[in-house]
Amino acid sequence: MDLSYGAEYEEFRAEVAEFLAKHKDTAPKNPELRSVEAISWQKTLIEAGYFARTTPAEYGGHGGKPDILKSRIIAEEFARTRTHPGMGGQGISMLVPTLLESGTQAQKEQFIQPTLHGEMLWCQGYSEPGAGSDLAALRTAAVLDGDEWVVNGQKIWTSTAQLADWIFCLVRTEPDAPKHQGISFLLFSMDTPGIEIRPLVDMTGKANFNEVFFTDVRVPKNQIVGARGEGWKVANTILKHERGSLADPNAMQHRLNGLVELLETETVDGTRVIDIPSFRDRLMRITGRVMAAKCNDLRLLSNSINKTGGSPLAAMVTKLQGTELRHELEALAVDAMGEIGLAYGDNEHLRGGGSWQTQYMYFLGLIIGGGTSQIQKNIISERGLGMPREPKVVAATKQGAA
Amino acid sequence: MDLSYGAEYEEFRAEVAEFLAKHKDTAPKNPELRSVEAISWQKTLIEAGYFARTTPAEYGGHGGKPDILKSRIIAEEFARTRTHPGMGGQGISMLVPTLLESGTQAQKEQFIQPTLHGEMLWCQGYSEPGAGSDLAALRTAAVLDGDEWVVNGQKIWTSTAQLADWIFCLVRTEPDAPKHQGISFLLFSMDTPGIEIRPLVDMTGKANFNEVFFTDVRVPKNQIVGARGEGWKVANTILKHERGSLADPNAMQHRLNGLVELLETETVDGTRVIDIPSFRDRLMRITGRVMAAKCNDLRLLSNSINKTGGSPLAAMVTKLQGTELRHELEALAVDAMGEIGLAYGDNEHLRGGGSWQTQYMYFLGLIIGGGTSQIQKNIISERGLGMPREPKVVAATKQGAA
Amino acid sequence: MEFGLSEEQTLLQDSVKRFLAEQYPLDKVREFATNDDDGAIVRNGLAAMGITALMIDEDHGGVGLGLLDAALIAEALGHGTAPMPFVASVVMVPQALMLGGSSEQQDRWLPKLAAGEITAGAAISELTGARGDTGVTATNGRLSGRAMFVLDFEADIYLVADTNGALHIVDADAQGLSGKGFNTVDCTRKLGELSFDNVPAEALSCTAQQVATVLNSGRVILAADSLGAAQNMLDQSVAYALQREQFNRVIASFQAVKHMCAEMAAELEPCRAMIWYAGHTADAESNANNNSNNGEAQQYALHTKAHLSEVCQFVARTATEVHGGMGFTDLVGLHYWFKRIGANRQLLGSPERLRDDAARALGMVN
Amino acid sequence: MEFGLSEEQTLLQDSVKRFLAEQYPLDKVREFATNDDDGAIVRNGLAAMGITALMIDEDHGGVGLGLLDAALIAEALGHGTAPMPFVASVVMVPQALMLGGSSEQQDRWLPKLAAGEITAGAAISELTGARGDTGVTATNGRLSGRAMFVLDFEADIYLVADTNGALHIVDADAQGLSGKGFNTVDCTRKLGELSFDNVPAEALSCTAQQVATVLNSGRVILAADSLGAAQNMLDQSVAYALQREQFNRVIASFQAVKHMCAEMAAELEPCRAMIWYAGHTADAESNANNNSNNGEAQQYALHTKAHLSEVCQFVARTATEVHGGMGFTDLVGLHYWFKRIGANRQLLGSPERLRDDAARALGMVN
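Chains as they are written, first to last, in my numbering: chain A, 1 to 402; chain B, 403 to 804; chain C, 805 to 1170; chain D, 1171 to 1536.
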């Protein structure tokens, strides 16, 4: 056990802090997408090695060696000083690693640099109305017509579709192959004719996602990543990364701090809510669970740094545990506020900008999204505990039992 | 809505009360099985119509018309005055109704009266080590050899096996038939050679049940109830009665009263446990759930009386809800006592004779027994909500997934 | 002995359900939520069916039914997420007037309420926990202060509780009264807040116990509303699971989905009988006209609201999970029920508070 | 940066697990439970492996390891339901002596404890909530009164807390001391009670904070013991489900059974890291020799014990359910782990109390 980062890293931390102090006044606060300000900051960050740190320099990254602790220090220092850490999005978190792994040289050259610089924004076209938990059941079809794929079908849960320049998309190209083997991974511009975007309003009242419809969308043949029919494999090399990030224990601690503050501020009949024992006990229960989640996260970080692997279960449980815990944390805030906890929209009595109620619902969405809790339990029991897969069924039935 | 029992029934209640007053001094307190005292009290009760009320007089019962409200009044008055309500046991609760439904005239004449009088005690041989939730998978075999069935195999969860004179037993007589169709219902004396009883100690530390082993046990051919191969049907006409009785809300209310008393009596650092808000909140939570269970029970009683049927779900959920609620009620008592709640056996600090800890464990047993909670949920979803049965599986597997 | 609904009760409940199913489909729920519809069709339709006259005595143009009947209607309203002024307008305010109003007050207001000509709100939430600096004080028949969480907002008259626990009737047009909507996550009903600046008011002469009775009636009604909403969510879940296919099977054939539905049913089904009992025992105590009641109605009201709040929250969450991503969207609209249940949970006392109140009522708290 | 076990730590833990698996199979657990075995094989075997010397400094014949190492051993002991005097004898009493004993006291007791020549119990439970009329008062170096729930009972010396929170060492043979076993549902370890009638005692000079440190060490140890026991129950559940067939399938292929096991794993796995952290931060504060610590070790000890008590109770119940009827019998003996977890939950503070203590330590309680 050694929870210090060591002298070398404390030196690195000092460097980051120095950079941040120097850019304190010039770093943008809430830069607009594609703005000169945003792109310029992105380039500054890459050059300094605080963004796209390990992406090869030839594709526009910083070209540094992977070092999880350095990444962590960067994240910690940017968070501490509340400095904008650079543009995120699925292009950067998902497409870039995918291209680095499976893209052609030409694709890497064409797409990675503008994506990293924030000049090219992406959305992801995976889920479909009929393909949620069973993602591989997707039916959006791409048929080769000369030198072009002709895409028809519908995607759902596509965030930032209205903003994106391009989409990376799973489509079925071999309708007769077994379901995992007939899928290909296509890239195409969102300006291509035949694409319709419909905002998908969710229970929070916002359109955090969209539905995207394709009608005879024509895509140049070479805009495929990996071989034809191997899209499932291409996508899955990085799909798992998405899941863990839904349950960040540091974000959880941040919310917990806010929750304590809320309970110390809100009153009922003049009594602070934190002085009501049943609420305080719930707060303490959640505190204990957040502490456990943070320790587990520390263990995973250590495993990554030291490449000790060795605790697959510790990684597998984070999405299930984290999203449910977060939902309950937000629920306590809502309950603690009583009727005030119902305030929403433009109600002037909103606490925390209405974030408690929003996050309470949003995290119910995350319990479902990115692999429902039921799917997570399948994964934990099958891959983590070595229990049998769901057996093959003789026949699907729509009928209830007698 | 009319929760009064009405004048006719209040008259009946007065009759019962009068009977009880008259027998106040002569009713036995804890009569020994088969004792003269027990048998004589049983006969007095049957004659008065307070036991075996609806069993035809020709078989030794009282021969009254079914009247659920009268049965309820009898139960209430006997409980109120703490008068012994007559001997119970599986012979009376399960075998007698089975024989009335499916027995031959000779069987009814031979078995019902001595059973009702408490002269003939029975145990039940249904479950087997390999046939629990899947009871129909039972393998104890009976092969016809001349005029006798030769029984070989093993039963488990047989309560009162050491005390019983006879056993009613499910055995496989048609090994080649589909599993539900190869079973027969046999009756035989526990004195028959080849029967070995082994007490089965459970987590409460007591042997509430037994294992029973059969080696070439020879049973006269005519000691079969119903037709050969129809034992499953014979047994199932009354099996469902067993389940509801595991979660009696009146017993629950009785325990809840005791729990309140316990919390008002136990102290920590001089403070009564009931004055500790987290325990009081748990008590109130459980109180609300017990109230709901009691209302549900009242609804079921009313349905039976008025033959309105109509709420199959209300009946289906009682075992699942009742056993889990009861387990949690007992758990609160254990928690409230702190380390005192651990006292067991001959510890002089036992509260309530150690019943809190015992019942806490025993009700975990009941969550499992009589159809586990998992099986109950299957039943509720399939029969109650019309969802599909567990699909047929291509092949059983013992291997975990990769 | 009969513990169940009469044929008339079942018919009445069914007729409200049917009316809502026909007149107030999901599209209408959405329109009301976005203020594109004012709910008049529902309000007028149900008034025409006599719902507004439900609890008012016959002498004042009502039909004189009890809390149990009102709870059955509330269940139907929750089932259909109806934008009906009910808990205050049809139950609490008429009851307060009948218990503590002068005959002049009763004659003035009850017939109009019964006919559905006017609606009534209740600014009474501070009795179950005042948040921040709210509270209304009464001086010489004039009210000053602020009330939040006014039930059945945008009404013609309001029942107002002052900080001493006394009740008053205030005309919505009274001088010095100003109000505004209190927007909540639940967009299926209206909540509001009222400011009082020396507002003329008519006092009612309710005893503390009568005030408690009015509050408890509201609690049973909100619990029944949640029961209806949760039952609808369960039914929708089973129906959705029976048609949604994943992995070449309807998801209703997965044991995990089946068990989620079974757990919802197991928790919810006993709640139905609990609502019946809570309504029945309140009516029985009220008919006995007995002020020295044994407190059973009080205990049932508190526990029914607390218990159903917990159960229905569980159902709301689980039903959403059964629907997968669809449950999170506005496409199936499941969230309207989810949010209505969430609102009922907080109004007129959260479960934690009600359990504490129940313990206090039993003298358990030192 | 490394948050994980060293090779030595893993080896040490594994060697204890292996020793117990070989020397203390289920039959032996049963014999100990029925007093047919006195646990000497385990006691002596583990002493021979140096376990008794674990936390004692090298000057007194120990190996000077920390609470984290002790917690790893405790996990192994819980895993094997070992009848080892540990929480008091190896952890709390040596720690109290090292923190507050005179050098004469340390020289007298620590080497013998390190060598496993004597064992030590702790009559300290009253500090975490005195039940009934228990309590020990100290007057002029003499103790009178009664202590219940004495950990590692039938010891040679006892650590005793008086009602002022001061600690004393008492010889088991001291005049006026009488003791008897406190039979519990958990038959895998010994608990007892002691009566003091003017018993001569040696005071230790522990500060209130040092007493808290000793209690907190005990809490982390009991939590680690439960972790080991719960992990064993989970492992047994998966193994049982993989071989038990019902309805022509191994029950491990039923989604309901899989999900029960997944839920156990999901709850339990983060507890492992939590134990590590609780041990590590306690050691770090103790090494810093810093009395004005920031309270992290205190918070982790309280929350770790509270959280693991809840999680392990859930695992104990769920594992029993996965085993079906077999889980309820003595045939598979699963109940020994169930009961050990149940006992750990109540000892040195129930979850409710510890959460309250944690809030108080943060100044949250007015």
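Ideal Cβ positions, reconstructed from N, Cα and C, are used throughout, including at glycine.
Please read all numbers here as calculations on a predicted model, not as lab measurements.
Burial state of P1155(C) is buried, judged by a 10 Å Cβ sphere holding 16 or more other Cβ atoms. DSSP places F1173(D) outside any beta strand (DSSP E), giving it a letter other than H or E. With respect to the 8 Å criterion, P114(A) and I238(A) are not classified as neighbours on the basis of their beta carbons. Annotated three-state conformation of G153(A) is strand, per DSSP.
Think of a sphere of 7 Å around the beta carbon of Q374(A): the chain C residues whose beta carbon falls inside it are A1060, in chain order.
Where S1396(D) is concerned, the enclosing alpha helix (DSSP H) starts and stops at 1378-1413. The beta carbon of A918(C) is closer than 7 Å to those of T856, A857, I860, H864, G865, G866 in its chain, skipping five residues each way along the sequence. Residue range 1059-1092 is occupied by the alpha helix (DSSP H) that includes Y1081(C).
Ranked by Cα distance from L931(C), the first of V1015(C), A878(C), L903(C) is V1015(C). Nearest neighbour of A137(A) by Cα position, chosen from Q321(A), E148(A), K155(A), L121(A), turns out to be K155(A). M316(A) and F1132(C) do not touch by the CB rule: their CB atoms are close to 23 Å apart, not below 8 Å. The residues L186, L187, F188, in chain order, have a CB closer than 7 Å to that of Q223(A) in the same chain once the five nearest residues on each side in sequence are set aside. Around Q357(A), the same chain offers V334, G341, Y344 as residues with beta carbons nearer than 7 Å, after the five sequence neighbours per side are excluded. Neighbours of H1505(D) in chain B, taken as residues whose beta carbon is under 7 Å from its own, are M605 in chain order.
At a C-beta separation below 7 Å, G1495(D) has these neighbours in chain B: G534, W559, I770, G771.
Close partners of S406(B) in chain C (Cβ separation under 9 Å): M805. Within chain D, the C-beta atoms nearer than 9 Å to that of I742(B) come from R1301, G1302, M1318, F1319, Q1516, in chain order. Sixteen is the threshold: since fewer than 16 other Cβ atoms of the shown chains lie within 10 Å of the Cβ of K307(A), the residue is exposed. Within the segment 669-692 of chain B, I676, D677, R682, D683, M686, R687, T689, G690, R691 place their CB atoms closer than 7 Å to a CB of chain C, listed in sequence order. Sequence-distant Cβ neighbours of H1084(C) in its own chain, meaning closer than 7 Å and more than five residues away, are L872. With contacts defined by Cβ atoms closer than 8 Å, A1034(C) and L1072(C) form a contacting pair.
Contact between the segment 84-92 of chain A and the segment 23-35 of chain A is present: 3 or more CB-CB pairs across the two stretches fall below 8 Å. It is roughly 28 Å from the alpha-carbon of P790(B) to the alpha-carbon of L385(A). Using a 10 angstroms sphere on the CB of S1348(D), the tally of other CB atoms stays under 16, which defines it as exposed.
Spatial neighbours of C1010(C) in its own chain (CB-CB distance under 8 Å, excluding positions within 5 residues in sequence) are listed in chain order as A900, L903, G904, A970, L971, V1018. With the criterion set as a beta carbon lying under 9 Å from some beta carbon of chain C, the members of the segment 694-715 of chain B are A694, A695, K696, C697, N698, D699, L700, R701, L702, L703, S704, N705, I707, N708, T710, G712, S713, L715, in sequence order.
Nearest to A892(C) by C-alpha distance, out of F957(C), A1043(C), A1123(C), A978(C), is F957(C). Contact annotation for H1063(C) against chain D: Q1425, A1426, H1429 [CB-CB distance below 9 Å, chain order].
Residue contact with chain A for H1249(D): absent (no Cβ-Cβ distance below 8 Å to any residue of chain A). Residue-level contact by beta carbon holds for A539(B) and chain D, with a gap shorter than 8 Å. Distance from the CA of Q359(A) to the CA of A251(A), rounded to the nearest whole angstrom, comes to 12 Å. For G996(C), the secondary structure class from DSSP, reduced to helix, strand or coil, is strand. Just measuring C-alpha positions, the residue of G226(A), N303(A), W232(A), K206(A) sitting nearest P178(A) is W232(A). Approximately 7 Å separates the beta-carbon atoms of D960(C) and A924(C); this is inside 8 Å, confirming the contact. One thing to note: V171(A) has its Cβ no nearer than 8 Å to the Cβ of D216(A). Separation of L685(B) and P577(B) (C-alpha to C-alpha, rounded to the nearest whole angstrom) is 53 Å.
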